[in-house]
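Peer 1:
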Amino acid sequence: MSDERGVRNLRWQPHFRHSAGKLGSHFIRAVREGKLVGWKTQSLGVTVPPIDTGEAGEWVEVGPRAALVTYAPNDNAGGSIPAGKFFATVRIDGADVVTAALVKCDEPAGLTPGAALTAKFVTSDDAATLPIFELVANP
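Take the position in the sequence shown, starting the count at 1, then add 6; the result is the number in our numbering.
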């Protein structure tokens, strides 16, 4: 339809099934079900979250254990990361790449490279797309 100025008024209603992409949507659903999965391809191995290279791949279960690679003190985060949580890179068991994640820890002295972590899944619908990792008491 056009108005008197010749401007068309159109409504666009896209239909899609994968708002985060096919791989991302599958990954988010798995996390909401309390599972960690990786996407395994010939060129990259197992990536978590999945990286779509366009090549064929398969889903594999990974984790829930992980190892701390490094972390950033949260006092530099400008209040965006609450006390007791740290932005970190972790290597999830079964993955071939590191993953950025939040690590919950009351005592940062325990955050040393290689420290054993385990995934804790949040159950709300608006939860993050990755679980929060916590230190394992007795690895």
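Backbone N, C-alpha and C fix where the C-beta goes; we use that ideal spot for every residue, glycine too.
Model, not experiment: these values are computed from the prediction.
Decide if Lys-46 is buried, meaning its Cβ has at least 16 other Cβ atoms within 10 Å, or exposed.
Peer 2: The residue is buried, with at least 16 neighbouring Cβ atoms inside 10 Å.
Peer 1: State the Cα-Cα distance for the pair Leu-117 and Ser-86, rounded to the nearest angstrom.
Peer 2: Going by the C-alpha atoms only, they are around 20 Å apart.
Peer 1: Roughly how many angstroms separate the alpha carbons of Leu-141 and Asn-15, rounded to a whole number?
Peer 2: Taking the straight line from one Cα to the other gives about 56 Å.
Peer 1: So who's on the other strand from Val-52, going by DSSP bridges?
Peer 2: Beta-bridge pairing links Val-52 to Lys-46.
Peer 1: Could you check whether Ala-94 and Thr-53 sit closer than 8 Å to each other, using their CB atoms as the reference points?
Peer 2: Cβ distance not < 8 Å, so Thr-53 and Ala-94 don't count as in contact.
Peer 1: Determine, using beta carbons only, whether Pro-56 and Phe-33 come nearer to each other than 8 Å.
Peer 2: Yes, the Cβ-Cβ distance between Pro-56 and Phe-33 is below 8 Å.
Peer 1: For Pro-137, is the classification buried or exposed, using 16 other Cβ atoms within 10 angstroms of its Cβ as the cut-off for buried?
Peer 2: When all chains shown are included, Pro-137 counts as buried.
Peer 1: Between which two residues does the beta strand (DSSP E) harbouring Lys-91 extend?
Peer 2: 91–98 is the extent of the beta strand (DSSP E) around Lys-91.
Peer 1: So what's Leu-141 in DSSP terms, helix, strand or just coil?
Peer 2: Strand, per DSSP.
Peer 1: When DSSP labels each residue in this structure, what does Leu-29 get in the three-state scheme?
Peer 2: Helix.
Peer 1: Quick one, are the C-beta atoms of Val-68 and Val-43 less than 8 Å apart?
Peer 2: Cβ distance < 8 Å, so Val-68 and Val-43 count as in contact.
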